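Have a look at the structure below before the remarks.
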Amino acid sequence: MKKIGKIINIKNLKKGDTVKKPLSISLQKIISYIFPGVIAFIVTTALTFIISPTFRSPYPALKTGDISSKNIRAPEDTLIEDKVSTIKSKKRAEETSPDVYDFDIRLTTDITKRVSAAFDLMVKFYKGKVPELYSSIEKEDEMSEIDTESSLVEEGRKLKREIASKLSRFENSSEFRSKEREFQSMLKIELSDKNLKALRWHHYKKSIKDNISGFISQVMGIGVMGSKEFVDMDKGILLREIGTDTERILPDASSVIDIRQANELIKRLAEDSIYKENRPLQTVIANICQKLIQPNLTFNKNETEKKRREAVEREKPVFYQIKKGEMIIREGEKVTEEHILKLNALELKQSSTNYFMTTAGYSIFIMLLMYLFWRYIKGFKPLLTEDKQSLILLGLILIFNLAQSRIFVDLLKSIGYGGSVEISSYMYSIPYAVAPMLIAILFEMDIALIFSVLNSLLIGLLIKDGFYYSLVALSGGIISIYRANQHKKRSSILKTGLLIGIANALTIIPLDLINNTLLSKSGFHDVIFGLAGGIIVAIIVSGILPLIESIFHVTSDIKLLELSDLNHPLLSELVVQAPGTYHHSIIVGNLAEDAAEAIGANPLFARVASYFHDIGKMKKPEYFVENQHGNINIHDGLAPSMSSLILISHIKDGVELAKAHRLMPKIIDVIKEHHGTGLITYFYNKAKEAEDPSLHEFREENFRYPGPMPRTKESAIVMLADSVEASSRTLDEPTPSRIRGLVQRIIDDKFIDGQLDHSNLTLNDLHKITNSFVRILTGIFHYRVEYPEIEKEKEERMGLHGAIDSESQSSEDRPKEDKKVGQSDIKKAGLSG
């Protein structure tokens, strides 16, 4: 039910009074987000730092020749590079990479062009000087090519001799010899006189040119290198054609030839030519070809080295696998190069993660979790978002839990690498449920439940492949929450720890069944360490809880139960110094506890705070009616203002006593707030009646408690219970209807006076509190017997009692119109019973 605001009577506003305008809603909203945002940023940063992987080596520093001090096992399946095999593989790839030769096909074309140009030069010279004779030469050449066996052959030879005789003078001329020198220059070779004589004998005819060009093209087309002495025939060669950059591999290097083989091939070709019967001409053709042929395969050193590098780079490393749990080195074993190789590989794997990307991922995920948690408490626990101390404490508990888990993880890993128990088993002993258990004790159960889920997710991030550990953390957290209301004393934490251990074990058993490891040695270890984890949780919580209570002044149920012991020094002194106040406080405690439980507040805190709310009365107990005896009232001889000061002083005295006995701040707040800024009506009215206007101005604030008003539901409940209990003792006939009327009137007056404005109590809460008070008071007065001899005494004290103690008459002494308005408004809201 939505709480309505305070009713303001415009008539009561004095001249000059103003209503303060509230701070800008948008500015308030910004401010409300700044502090939680800072807390969330700090927590996210701390958790990211804790969860992110580090580069510290979990292995001892060993070198070749050392003796291992412990057993070391592989923590997980790992592929390790076999560097020796990799080096061999790369070397083999380099050695088998074929040498690169540049194949210059343009060189063949250049040579054949020179041959053609040189012979064309001579033919042109013949035709220019002796055209008729050269025509006869061409005719004779054609006849010899048609049929070498016919009767025309002899005729051709005869014709040739005749032509030769006629050309002899021309071919021996100085001009012709000059042309032959030009012929050699174009070929870029020198020919012997014998070779030139043979060419002149055959008149440089076209068929000679064709044979020379054909032989050169055929031989150089195969590929000619200078020497094959340094060529590895087994790995072949790679031909790279100059100009086209096309490449082809010749697997068999013997398919190419060198200069020596090229000369031999030319000789054979010449012998098998059409001039096989003409030995001199064969020799000339062979000589010319052998002089013209050049190597067109050239070794390319740069390209060869490049291809070798590429072959090495293409060769992938050789790996072999180490299985999880495999022994790397045994205790007492001498360290070898192979051991170092394996340890370095394991260490490299742990540090090879991209740290920046991993950290960024963790940070984003944690921020998302923080935001979801914030949205939950903002929507369902809005008061918590305004409690800066509680937000800080929640963040510190979360950081502490992850930090101690990280410490355990690192420590257990270092132990596990050298022990016989698997690391996975050790991990179950980590006290994952510390945070949920602390939150369950210090805060509400639903906050603890959300916190437990958040904690389990973070544990899953902290431990690689930690899904199972996350489930164990969740089950332990839920058990700690279930037991939150059972912590009646500090020894009960140990019982909760044992239950957490059992919950861990019961969670581990089905998980090991899934993995078929339950009946193995590791399964036994899992269960044992799971049980140990719960005990460690209890030990840590027992040690850290008093520290948190001391530093943050929080109220755990365990601390409250200790304070609820009626043998507490303050309560023992109260029962001696002010027995009436002591019994009043006990009844107020009963009323407050039941009312707090009815509206979902903290009933234990309400009861304990009630026990201590009036301890200040011990300083002057005789000035409070519940501690007076007989019909003598000490206030009869005092001025109303002095009586008011004495009554108000019990607040200050109570705060001083509470601080001296180191009571928690929340209880001290209740001592300050249990009267709020209420008016001491009896003495106020008495002073007003006796006021002399000519002496001084009468000030109402001198008769009001200093406050502040109650700021929590529990503090408001104690205020109401205090007033109701004191006023209930003034009832002549405490029937249920009269009790309800009294309770209703007191709550209405507090509400209308604005004393509940900051308590966050709703009208529905007030309705439940009313019913609770009526039920308890009806039970208290049900068997009360009125004795005649106390009637007179009661009538004499009736008017003074409530006024002195808790302004019970304030509602009766108000103007009737104000009282009517208050009751009407409350009834309209549905509160009146």
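So for the sequence shown, my numbering puts the first residue at 884; every next one is plus one. Note that CB positions come from ideal geometry on N, CA and C, so glycine has one too. Being a predicted model, the structure only gives us computed values, none of them experimental.
Going by beta-carbon coordinates alone, are Val1538 and Ile1529 separated by less than 8 Å? In this structure, Ile1529 does not lie closer than 8 Å to Val1538 by Cβ.
Limits of the alpha helix (DSSP H) - the one that Leu1180 falls within: No alpha helix (DSSP H) contains Leu1180, which is instead part of the beta strand (DSSP E) from 1180–1182.
For Ala1047 and Glu1154, I'd like the C-alpha separation in whole angstroms. 25 Å
Kindly indicate which three-state DSSP category Leu896 falls into: helix, strand or coil? Residue confidence is low: Leu896 scores 36 on pLDDT, short of 50, so the model does not pin down where it sits. Its coordinate-derived value is still stated next. Here Leu896 sits in coil by DSSP.
Examine the Cβ distances between the segment 1302–1310 and the segment 1405–1412 and report whether three or more of them are shorter than 8 Å. yes
Excluding the 5 residues preceding and the 5 following Lys1401 in the sequence, name in chain order all residues of the same chain whose CB lies nearer than 7 Å to its CB. Rather than Lys, the amino acid found at residue 1401 in this sequence is Leu. Excluding sequence neighbours, Leu1401 sits near Ile1392, Asp1395.
Have a look at Lys1535, Ala1169, Asp1605, Glu1186 and flag the residue whose alpha-carbon is nearest the alpha-carbon of Asp982. Ranking the options by Cα distance to Asp982, first place goes to Glu1186.
Which whole-angstrom value describes the C-beta separation of Leu1175 and Leu1004, a residue pair presumed to lie in contact below a C-beta threshold of 8 Å? Their Cβ separation, rounded to whole angstroms, is 16 Å, which puts Leu1175 and Leu1004 out of contact at 8 Å.
By the 10 Å Cβ neighbour count, where 16 or more other Cβ atoms means buried, how is Val1459 classified, buried or exposed? The residue is exposed, with fewer than 16 neighbouring Cβ atoms inside 10 Å.
Leu1332 versus Gly1359, Lys1347, Tyr1309, residue with shortest Cα-Cα distance: Gly1359
Tell me whether Asp1270 sits in a helix, a strand or coil according to DSSP, three-state version. coil
Pull up the distance between the alpha-carbon of Ile1498 and that of Ser1353, whole angstroms please. In a straight line, the C-alpha of Ile1498 is about 49 Å away from that of Ser1353.
7 Å Cβ shell around Arg1213 - same chain, five flanking residues per side excluded: Taken in chain order, the residues that qualify are Ser951, Asn954.
Quick check: what's the CA-CA separation for Met1328 versus Phe1256? 14 Å
Give the secondary structure of Tyr1017 by DSSP, where H, G and I count as helix, E and B as strand, and everything else as coil. helix
Coil, strand or helix - Asp985 by DSSP: Asp985 falls in the strand class under three-state DSSP.
Residue environment, Gly1561, which counts as buried when at least 16 other CB atoms sit within 10 Å: buried
Any idea if His1684 is buried or exposed, counting beta-carbon neighbours within 10 angstroms, 16 or more meaning buried? Reliability fails at His1684, whose pLDDT of 43 lies under 50, so the model's placement of it is uncertain and the value that follows must be treated cautiously. So His1684 counts as buried.
Tell me the DSSP secondary structure of Gln1204 in three-state form. strand
For Glu1124, report the span of its beta strand (DSSP E) as first-last. First-last of the beta strand (DSSP E) with Glu1124: 1120–1124.
For Ile1072, three-class secondary structure by DSSP: coil
Looking at C-beta atoms only, is the number of pairs between the segment 1192–1210 and the segment 927–934 that lie closer than 8 Å three or more? no
Coil, strand or helix - Val1410 by DSSP: helix
State the Cα-Cα distance for the pair Gly1109 and Ser1061, rounded to the nearest angstrom. 34 Å
Span separating the alpha-carbon of Lys1502 from that of Ile1342: Roughly 54 Å separates the two Cα atoms.
Helix, strand or coil, according to DSSP, for Val1139 in the structure here? Here Val1139 sits in coil by DSSP.
Would you say Ala1522 and Ile1600 are within 8 Å of each other, going by their C-beta atoms? no
Going straight from the alpha carbon of Ala1609 to that of Ile922, what length do you get? 45 Å
Local conformation of Arg1612 per DSSP, three classes: It is coil, neither helix nor strand.
Taking Cβ to Cβ, would you say Val1355 is nearer than 8 Å to Tyr1311? yes
Counting Cβ pairs, one atom from each stretch, are 3 or more of them under 8 Å apart for the segment 1623–1639 and the segment 1508–1517? no
Enclosing alpha helix (DSSP H) for Leu1562 [first to last residue]: That residue, Leu1562, is in no alpha helix (DSSP H); it is neither H nor E in DSSP.
Would you call the segment 1007–1021 and the segment 1078–1092 in contact, with 3 or more CB pairs under 8 Å? yes
Going by the DSSP bridge assignment, what does Ile1431 pair with across the sheet? DSSP lists no partner for Ile1431.
For Lys1111, three-class secondary structure by DSSP: coil
Between Gly1126, Lys1111, Ala1541, which has its C-alpha nearest His1496's C-alpha? Ala1541
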